[in-house]
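For the record, in the sequence shown the residue sitting at position 264 is 264 according to UniProt numbering, with numbers rising by one throughout.
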Amino acid sequence: MSLEAKFDCAQGAVRAVRFNKNGNYCITCGSDRTVKLWNPYKQLRIQTYSGHNQEVLDADCSIDHSFICTGSADKSVNYIDVKTGQIVRKYKAHLGKVNCVRFNLEESNVILSGSIDGKVLFYDLRSKTFDPLQEIDDCKDSVTHIDLNDHEILVSCLDKRVRLYDVRFGKMKCDYIGYPVTCSTLSKDDQCILVSILDNSKTDFGRLLLIDKQSGEMLNEYKGHINKEYVVESCMNNSSDEVISGSENGIVYIWDVVEAKIKHKLKHLNTKTVNSISYNPLEDKILTAQEKMVYLWDLKK
1 MSLEAKFDCA
11 QGAVRAVRFN
21 KNGNYCITCG
31 SDRTVKLWNP
41 YKQLRIQTYS
51 GHNQEVLDAD
61 CSIDHSFICT
71 GSADKSVNYI
81 DVKTGQIVRK
91 YKAHLGKVNC
101 VRFNLEESNV
111 ILSGSIDGKV
121 LFYDLRSKTF
131 DPLQEIDDCK
141 DSVTHIDLND
151 HEILVSCLDK
161 RVRLYDVRFG
171 KMKCDYIGYP
181 VTCSTLSKDD
191 QCILVSILDN
201 SKTDFGRLLL
211 IDKQSGEMLN
221 EYKGHINKEY
231 VVESCMNNSS
241 DEVISGSENG
251 IVYIWDVVEA
261 KIKHKLKHLN
271 TKTVNSISYN
281 PLEDKILTAQ
291 EKMVYLWDLK
301 K
């Protein structure tokens with residue numbers, strides 16, 4: 001494990017950091033209402049994008065790297081041309097701040113957005129209308145995170161549930177977790193779901209749950225990090241044998257999936273919350289965000 005680079009994004013607090021689809025570049029979302037495109041390996045800012053009236057909470061890159069979608073506390077979703085920096089479309093269908101956005105994986109012709117209003121909206125980028133193509137309104141509280149594969153959509157919600165939608169058959173599977181869910185992600189082998197929960201009732205430590213995607217059975221539990229107040233992201237590595245999470249004490253924790261033991265700790269500049277993480281889709285590298293800084297880690301060195 002080694003720190004490969006770190007850089008000040010100069011955009012206030014970094015709300016989210018995301019690798020693009022080939023892992024060569026990344027985007028950062030700032031409390032200063034901007035989105036920035038970077039080459040993290042050279043700590044080089046390539047472009048700055050504006051257009052939101054409040055802080056930007058999430059972003060995603062299209063499959064061909066030509067467009068970015070962004071979600072903001074101003075309730076809007078922007079569809080941005082990477083090269084020109086122009087906002088191609090602005091969607092304003094949500095009633096509250098937009099916590100998360102994702103492109104569909106196959107063609108990046110649909111944007112999914114999740115909001116504090118409890119809805120997940122689908123925007124068809126090929127359509128002339130600005131109205132949502134589809135709406136998911138099963139959630140009873142704020143939608144905190146969206147993950148997806150080629151035919152399934154995983155929705156995290158503060159109503160203590162994770163919902164998995166199979167778009168091929170129009171079916172929904174709901175698992176009751178019992179605690180507010182701040183983040184949930186699909187394992188790379190599509191067999192499991194990793195769930196981050198806010199549980200401040202028993203211990204100072206946070207909890208991560210690994211559940212079977214089909215049965216909903218809890219397979220394992222991971223502890224040691226701190227997550228009592230804020231949304232802290234988690235994920236699994238590309239080989240699905242390690243669990244990774246940010247923490248409210250300035251450390252990123254890495255566990256062995258089977259043994260649930262902490263293998264590594266990535267210590268940051270201070271003890272403030274590491275809120276966002278992004279795993280390189282092709283290499284064993286990870287980006288982490290803490291306050292105004294982004295860190296690039298090589299997990300194999």
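In this text, a Cβ means the ideal position worked out from N, Cα and C, and glycines have one as well.
Practice item. Verify whether the separation of the beta carbon atoms of V120 and D60 is less than 7 Å. Key: no
**Study point:** Cβ-Cβ separation, T185 to L198 (assumed contact under 8 Å), whole Å
**Key:** The Cβ separation is near 16 Å, so there is no contact.
Practice item. Check whether the segment 255-275 touches the segment 224-235, taking contact to mean three or more Cβ pairs, one atom from each stretch, closer than 8 Å. Key: yes
Check your understanding: Which of helix, strand or coil does DSSP assign to Q290?
Key -> strand
Check your understanding: Are three or more beta carbon pairs between the segment 211-219 and the segment 242-256 nearer than 8 Å?
Key -> no
Review point. Among Y123, K6, Q134, N20, which residue has its Cα nearest to the Cα of S66?
Key: N20
Review point. How many Å lie between S127 and I111 at the Cα?
Key: 12 Å
Check your understanding: Helix or strand or just coil, what does DSSP make of Y25?
Key -> coil
Point to revise | Rounded separation between V88 and L133 - CA only | key: 17 Å
**Study point:** Straight-line gap, D189 to L209 (C-alpha atoms, nearest Å)
**Key:** 17 Å
Point to revise | S62 versus Y91 - alpha carbon distance | key: 17 Å
Review point. For the candidate residues V98, E107, D64, C26, whose alpha-carbon lies nearest to that of S76?
Key: V98
Check your understanding: Does the Cβ of N275 have 16 or more other Cβ atoms within 10 Å, making it buried, or fewer, making it exposed?
Key -> buried
Exercise for review: Within its chain, find whatever has a CB closer than 7 Å to the CB of Y176; leave out the 5 residues flanking it on each side and keep chain order.
Suggested key: K160, R161
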